[in-house]
Each structure stands twice: as structure tokens, then as C-alpha cells.
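Here's the structure, in C-alpha cells; my notes come after.
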Amino acid sequence: KAFTAYKRVAEKIHPVSGVYPENIKVNRSFPEDPLESLPLLPKNPPEFESGKQLTLERLKGIEVNKDNFLRPEEEKLFNHILQVNELSLAFEEIDRGTLHKDYLPIR
Numbered sequence: 007k008a009f010t011a012y013k014r015v016a017e018k019i020h021p022v023s024g025v026y027p028e029n030i031k032v033n034r035s036f037p038e039d040p041l042e043s044l045p046l047l048p049k050n051p052p053e054f055e056s057g058k059q060l061t062l063e064r065l066k067g068i069e070v071n072k073d074n075f076l077r078p079e080e081e082k083l084f085n086h087i088l089q090v091n092e093l094s095l096a097f098e099e100i101d102r103g104t105l106h107k108d109y110l111p112i113r
């Protein structure tokens, strides 16, 4: 079932071919390989400990293994990965950030 209004042919928007201005193009680059700075993962992940951002309440709210798809050790590993990268998670508006200007420059 479609939830859009019917448009007559004359009302439809048709794309126009043209040249994209050079000064508007966004140049994306990676100043360093982000995979090189990743920490090694433990074979036996530790039990979860609350941190600055990621608390036990918030972890339960994420519902990592809601459908019991992961085995217990996989769930512990996933929780550990979240814990290691907890500063990249934003649970409140004030914690939100932007991409570093080296990766996506804004003009």
C-alpha cells in the first residue's frame, strides 16, 4: 500500500543533467588507517564493568542479545567492545559530536 499522493505527469519532478560545480564537491579522506588503532580483542572477555558513559542500565537498554542470537561468550565480547569504545556512544544530546575535520572538511 502506497502512502503518497498521486501526481500527474506534469507535476512530477524530472532530473536535469548538468555539471556539478568543482567548489561544492566534498573531499573525503582518511589521514590514517582507522583499523590500525583498534585494540586487540581478548579471547576471554572480562565481565562488564560500568564506565563513564556505558552503565549497566544503559547496556540493558541497548538489548544486545534480545533474540538470543549470540552465544554467552559472544555477548560478553560484544559488551566488551562497547565498553572499550564507550566514549563514541551518545546517550544524551550533549554527548553528540561531529566527525573530525580531517575526515570530512566543512566549508
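Residue numbers (the numbering used here): 7 to 113.
Backbone N, C-alpha and C fix where the C-beta goes; we use that ideal spot for every residue, glycine too.
Report task. Measuring alpha carbon to alpha carbon, tell me which of 59, 63, 104 and 85 ends up nearest residue 47. Result -> 85
Open item on the list: Quick check on the burial criterion: 16 or more other C-beta atoms within 10 angstroms. Buried or exposed for residue 2?
Closed with: For residue 2 there is no data in the structure shown, the boundaries of the chain being 7 and 113.
Margin query: Tell me the rounded alpha-carbon separation between residue 92 and residue 58.
Written below: 8 Å
Subject >> Environment of residue 49 [buried if 16+ CB atoms lie within 10 Å] >> reply: exposed
Exercise for review: Measure the alpha-carbon distance for residue 77 versus residue 65 and round it to whole angstroms.
Suggested key: 17 Å
Leaving out five residues on either side along the sequence, give the residues of the same chain with a beta carbon under 6 Å from the beta carbon of residue 38. none
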